[in-house]
Amino acid sequence: DQQVKQNSPSLSVQEGRISILNCDYTNSMFDYFLWYKKYPAEGPTFLISISSIKDKNEDGRFTVFLNKSAKHLSLHIVPSQPGDSAVYFCAASVSGGSEKLVFGKGTKLTVNP
Amino acid sequence: DSGVTQTPKHLITATGQRVTLRCSPRSGDLSVYWYQQSLDQGLQFLIQYYNGEERAKGNILERFSAQQFPDLHSELNLSSLELGDSALYFCASSVVSSATQYFGPGTRLTVL
């Protein structure tokens, strides 16, 4: 049972445009959500997170939106740059214990010059 | 650079063998997590240690074990290796038991 789903295995956008990566979850106990970026042969790099008490968090070109009623979150990258090309993982956790991360399977973003 | 180090970077071994993967967390981080990334399963949580004590277990096989030492580095021991154990193994650390975890570069294990 996959609790965190990224239904788009890949996404291609033009440089300068917006990239929108989506993530759905099924476990209503999740209260903290994160996005990681991963380049080949490297470990995941933390990008941005959001607590379930918020519906938006912004950090530079990256914004994460959380819709709790729909159990959906998205990552917006504006403007997209070729260096953003990587695999993006959505992850979720439940506070107050291990806070182990449950990951989606990732979306490969390609930003074309 | 996340500040988390893992050794070795690559490991090639045969079925039935035993290997040890090592992780040094970021300076000051007390919590260490181990994850496995295989082609079809994505990143899966294996086990967490906090300040030397096991904190949580995920889908970790009985053939696998881990520990965290007084200097806070951690080792993941994999024994009786099978072909299906071939994967990337990541270590992550956090200051306390925190969801914002910082990942090392991983160890690629190939079992032949």
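For the record, the sequence lines run as chains A and B. According to this note's numbering, the residues represented by the first sequence are 25 to 137, in order. According to this note's numbering, the residues represented by the second sequence are -17 to 94, in order. Cβ coordinates follow ideal geometry from the N, Cα and C atoms, glycine included. All values reported here derive from a predicted model rather than from experimental measurement.
Next item on the list: Enumerate in chain order the residues of its own chain whose CB-to-CB distance from Y63 (chain A) is below 7 Å, with the five nearest sequence positions on each side excluded.
Entry: Numbered from 1 along the first sequence, position 39 holds the residue referred to as residue 63 (chain A). Closer than 7 Å at the Cβ level, and outside the excluded window around Y63 (chain A), lie A110.
Margin query: Please list, in chain order, the residues of the region 72 to 95 of chain A that have any C-beta partner in chain B closer than 8 Å.
Written below: S73
Note to self: Quick check: S93 (chain A) and N81 (chain A), are their CB atoms within less than 8 Å of each other?
What the structure shows: Counted from its first residue, the first sequence places residue 93 (chain A) at position 69. Counted from its first residue, the first sequence places residue 81 (chain A) at position 57. No, these two residues do not count as a Cβ contact at 8 Å.
Item checked: Own chain partners of D83 (chain A) with C-beta closer than 7 Å, once the 5 adjacent residues on each side are dropped -> Position 59 of the first sequence, counting from 1, holds the residue named residue 83 (chain A). Answer for D83 (chain A): I72, listed in chain order.
Check: With V1 (chain B) and L60 (chain B) assumed to form a contact (beta carbons below 8 Å), what rounded beta-carbon distance in angstroms separates them?
Finding: Here the question's residue 1 (chain B) lines up with position 19 in the second sequence. Here the question's residue 60 (chain B) lines up with position 78 in the second sequence. Correct: roughly 5 Å between the Cβ atoms.
Check: Listed in chain order, which residues of the region 33 to 59 of chain A have Cβ atoms closer than 7 Å to some Cβ of chain B?
Finding: Y56, L58
Item checked: Residues near G40 (chain A) by beta carbon distance below 6 Å, same chain, minus five either side -> Within the first sequence, the letter at position 16 stands for residue 40 (chain A). If we look at G40 (chain A) and ignore the five residues flanking it on each side, its Cβ neighbours are P103.
Next item on the list: Look up D11 (chain B) in the DSSP assignment and say whether it is helix, strand or coil.
Entry: Residue numbering aside, residue 11 (chain B) sits at position 29 when the second sequence is read from its first letter. Looking at D11 (chain B) - three-state DSSP - the assignment turns out to be coil, as it is neither helix nor strand.
Margin query: Taking the straight line between their C-alpha atoms, what separation do you get for G10 (chain B) and L35 (chain A)?
Written below: Translated into the one-based positions of the second sequence, residue 10 (chain B) becomes position 28. Translated into the one-based positions of the first sequence, residue 35 (chain A) becomes position 11. So the alpha carbons of these two residues sit roughly 37 Å apart.
Next item on the list: Could you check the C-alpha separation between I29 (chain B) and E36 (chain B) for me, to the nearest Å?
Entry: What you label residue 29 (chain B) is simply residue 47 of the second sequence in a count that begins at 1. What you label residue 36 (chain B) is simply residue 54 of the second sequence in a count that begins at 1. Taking the straight line joining both Cα atoms gives about 8 Å.
Check: Does T134 (chain A) come within less than 8 Å of chain D when only Cβ atoms are used?
Finding: No chain D is part of this structure, whose protein chains are labelled A and B.
Notebook entry, point to check: For the candidate residues A:F57, A:Q38, A:S32, A:R85, whose alpha-carbon lies nearest to that of N136 (chain A)?
Noted result: Numbered from its first residue, the first sequence carries residue 136 (chain A) at position 112. Measuring from the Cα of N136 (chain A), the nearest candidate turns out to be A:Q38.
Check: Between the region -13 to -2 of chain B and the region 32 to 48 of chain B, do at least 3 Cβ pairs fall closer than 8 Å?
Finding: no
Note to self: With three or more C-beta pairs closer than 8 Å as the rule, is the region 77 to 89 of chain B touching the region 113 to 127 of chain A?
What the structure shows: yes
Notebook entry, point to check: Within this structure, are the beta carbons of S68 (chain B) and V93 (chain B) separated by less than 8 Å?
Noted result: Taking the second sequence and counting its residues from 1, the one referred to as residue 68 (chain B) is at position 86. Taking the second sequence and counting its residues from 1, the one referred to as residue 93 (chain B) is at position 111. Going by C-beta atoms, S68 (chain B) is nearer than 8 Å to V93 (chain B).
Notebook entry, point to check: If we cut at 8 Å on Cβ distances, does P64 (chain A) have a partner in chain B?
Noted result: In the first sequence, residue 64 (chain A) corresponds to position 40, counting from 1. No, its Cβ sits nowhere closer than 8 Å to a Cβ of chain B.
Next item on the list: Answer yes or no: does any C-beta atom of chain A fall closer than 8 Å to that of A38 (chain B)?
Entry: Residue numbering aside, residue 38 (chain B) sits at position 56 when the second sequence is read from its first letter. Output row for A38 (chain B): interface = yes.
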